[in-house]
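Peer 1: Just dropping this structure here.
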Amino acid sequence: MHGTRILEEADRLMTVCNSCRYCEGLCAVFPAMEMRRSFSDGDLNYLANLCHGCGACYTDCQFSPPHEFNVNVPKTLAGARAESYAAYAWPRACSGMFARNGLAISIVTALSVAAFIFGFAAFNDRQLLLGIHTGPGAFYKLMPHNAMAALFGAAFLYAIIALVMGVRAFWRDIGEPIGMRADAGSIWQAIGDAGKLRYLDGGGVGCFNDGERPSDRRKAYHHLTFYGFILCFAATVVATLYHYLIAREAPYPWWDLPVVLGTLGGVGLLIGPAGLLAERWKRDPALVDQARTGMDVAFIAMLFLTSLTGMALLLLRDTAAMGPLLALHLGVVVSLFITMPYGKFVHGIYRFAALVRYAQERRMPGQGMQE
Ligand code: SF4
Ligand code: SF4
């Protein structure tokens, strides 16, 4: 017996696949499945997070609908994956709320924080809010740096604690026996596999979609999104180091490192999420877990809005629009942080943990697995 109906279905499919084994060369899910004779909830959540949703095993399967076996591995594992985000989330109550109203909660949070910053600045001095400010320290005329850092620090700290608690619960559930540690070689292997999105290639030909030739478009958009996010994060880190180590205040000139990193990352975060949304729109409904569309779209939309407001701020920072745009951008970023542990963002962390587990059991077969 499993905890949910989707896990029951995932168990049924993995049992069918374990007898068939036709897809064992497509990705990591099937070799990992073959190492098991039965599947606990943790095993199924592990396999679900190893799946990259390329669709190849649905297209190749001789037992997919309308066959009576009704085998649809990508859709079932997508459902199990989404349930796993809620199952391991901390605190649990927030995840259910977000799963039902992800996009609405993200937007309301972003607008509330933006309104707070806007109100904070207007309360202090309305002229400052709509004035033109240039040069180092211009952003902090609206809100002192310490107040801004406290707001972001609190949101970031909350996100980190919630994410660590979630991944800890996930790792314990998939990595029997409890307390098993990852080794450096497995982590290194997983970094390579995650960085290249190795298992989003449908066994070497690309992602599958109904009526289309397999292609690498989803992979390319995913890379733009992921590396765009990393570059934007790097820009924030460099700016923080500038501020505290060499007392250089934002905004920085166009040629300076935080702006260059942020601009490159921002371009990636505009094209990548827009492409992922377009690909999702065109996806064969048979491959998509429609019940979780809101959660997926919320995260992609918030990444896109983070970049859009950031790029608008960069272009218009020397005008009177700087104040409202800064408030809006900060609101979107804080909302992104607060909602991160409950939405699609966690798929990157859980998938990485699953890849570490996979690398580990390939290197040391039998360690920690249940019969
Ligand atoms: S998805 Fe279909 S073809 Fe592939 S292993 Fe499972 S049952 Fe066999
Ligand atoms: S990664 Fe692709 S081939 Fe592997 S289980 Fe998921 S959808 Fe199937």
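Heads up: the sequence shown at position 266 corresponds to 266 in my numbering, and the numbers run straight through without jumps.
Cβ coordinates follow ideal geometry from the N, Cα and C atoms, glycine included.
1. Tell me whether C207 sits in a helix, a strand or coil according to DSSP, three-state version.
2. Please list, in chain order, all residues of the same chain as N49 whose beta carbon is under 7 Å from its beta carbon, the five residues on each side excluded.
3. Buried or exposed for A298, going by 16 or more other Cβ atoms inside 10 Å?
4. Along the chain, where does the alpha helix (DSSP H) that runs through F345 open and close?
5. Looking at H52: is its Cβ nearer than 8 Å to the Cβ of L197?
6. Express the C-alpha separation of A327 and A155 in angstroms, rounding to a whole number.
7. Would you list the one or two residues that DSSP bridges to S215?
8. Would DSSP call I178 helix, strand or coil?
9. Could you pull the start and end residues of the alpha helix (DSSP H) that T76 belongs to?
10. Between the C-alpha atoms of R213 and C23, what's the straight-line distance to the nearest angstrom?
11. Can you find a heavy atom of ligand 2 that lies under 7 Å from the Cβ of H52?
12. Taking 8 Å as the cut-off, decide whether the C-beta atoms of T319 and I117 are in contact.
13. Taking C-beta to C-beta, are A110 and S335 nearer than 8 Å?
14. Between V356, A190, G204, which lies nearest to C27 when the distance is taken from Cα to Cα?
15. Check each candidate in G202, I230, D43 and name the one with the smallest Cα separation from R217.
16. Going by DSSP, what residue range makes up the alpha helix (DSSP H) through K141?
17. Check R5 in the structure and name its three-state DSSP category.
18. Is it the case that the Cβ atoms of A159 and M302 are separated by a distance below 8 Å?
19. Relative to ligand 2, is the shortest distance from any of its heavy atoms to the C-beta of A353 smaller than 7 Å?
20. Is it a yes or a no for the region 12-19 touching the region 29-48, going by three-plus beta-carbon pairs under 8 Å?
21. Please confirm if the region 266-279 is in contact with the region 224-242, defined as three or more CB-CB distances below 8 Å between the two stretches.
22. Go ahead and pull the three-state DSSP assignment for I132.
23. Helix or strand or just coil, what does DSSP make of E371?
24. Going by Cα to Cα distance, which pick from A89, T240, Y199 is closest to F345?
25. List the whole-angstrom C-beta distance separating F139 from P251, where the pair is believed to meet the contact cut-off of C-beta under 8 Å.
26. My output table needs one value for I117: the three-state DSSP class, helix, strand or coil.
27. Quick one: residues in its chain with C-beta nearer than 6 Å to the C-beta of P136, no 5 flanking neighbours on either side, listed in chain order?
28. Is G265 closer than 8 Å to F229 when the C-beta atoms are compared?
29. Thinking G323 and L142 are a contact (beta carbons under 8 Å), I'd like their distance in whole angstroms, please.
30. Could you tell me the distance, in whole angstroms, from the CA atom of L231 to the CA atom of F69?
31. Rounded to a whole number of angstroms, what is the C-alpha to C-alpha distance between Y199 and E34?
32. Output the distance between the C-alpha atoms of Q370 and G348, rounded to the nearest integer angstrom.
33. From what residue to what residue does the alpha helix (DSSP H) around T319 run?
34. Could you check whether the Cβ of G202 sits closer than 7 Å to any heavy atom belonging to ligand 2?
35. Count the other CB atoms, across all protein chains shown, that sit within 10 Å of the CB of H67; report buried if there are 16 or more and exposed otherwise.
Peer 2: Looking at the coordinates:
1. Looking at C207 - three-state DSSP - the assignment turns out to be strand.
2. Excluding positions up to five away in sequence, the list reads R81, S84, Y350, R351, A354.
3. For A298, the number of other beta carbons within 10 angstroms of its own is at least 16, and it is reported as buried.
4. Neither: F345 is in no alpha helix (DSSP H) and is coded neither H nor E.
5. The answer is yes: Cβ separation under 8 Å.
6. One C-alpha to the other measures close to 15 Å.
7. The partner list for S215 (beta bridge, DSSP) reads C207.
8. Unreliable positioning characterises I178 in this predicted model, as indicated by a pLDDT of 46, which lies under 50. A coordinate reading is not provided.
9. From DSSP, the alpha helix (DSSP H) with T76 extends over 73-88.
10. Going from the Cα of R213 to the Cα of C23 covers about 19 Å.
11. Yes, Cβ of H52 sits closer than 7 Å to a heavy atom of ligand 2.
12. Contact flag unset, no.
13. Yes, the Cβ-Cβ distance between A110 and S335 is below 8 Å.
14. For C27, the closest C-alpha among the options V356, A190, G204 is that of G204.
15. For the residues G202, I230, D43, the minimum Cα distance to R217 belongs to G202.
16. DSSP places K141 in no alpha helix (DSSP H); its state is neither H nor E.
17. In the structure shown, R5 sits in a helix (DSSP, three-state: H, G or I).
18. No, the Cβ-Cβ distance between A159 and M302 is not below 8 Å.
19. Checking every heavy atom of ligand 2 against the Cβ of A353, none is found closer than 7 Å.
20. Counting Cβ pairs under 8 Å, three or more are found: they touch.
21. Flag = yes, the region 266-279 and the region 224-242 touch.
22. Secondary structure at I132: coil, using DSSP grouped into helix, strand and coil.
23. Here the model assigns E371 a pLDDT of 44, short of 50, so the residue's position is not dependable, and the following value carries that caveat. In the displayed model, E371 falls within coil according to three-state DSSP, outside both helix and strand.
24. Of the listed residues, the one whose Cα sits closest to F345 is A89.
25. F139 to P251, Cβ: 6 Å. Contact.
26. Shown here, I117 sits in a helix according to DSSP, grouped into three states.
27. The answer, listed in chain order, is E249.
28. Yes, Cβ-Cβ distance for F229 and G265 is below 8 Å.
29. Separation of the CB atoms of G323 and L142 is rounded to 5 Å, and the pair is thereby assigned contact status at 8 Å.
30. So the two alpha carbons sit approximately 45 Å from each other.
31. Those two C-alpha atoms are separated by around 17 Å.
32. Caution is warranted here: a pLDDT of 48 is assigned to Q370, below 50, making its placement in the model unreliable, and no coordinate value can be reported.
33. Unbroken run through T319: none, as it is neither H nor E.
34. Within 7 Å of the C-beta of G202 there is at least one heavy atom belonging to ligand 2.
35. Exposed, by the Cβ-count rule.
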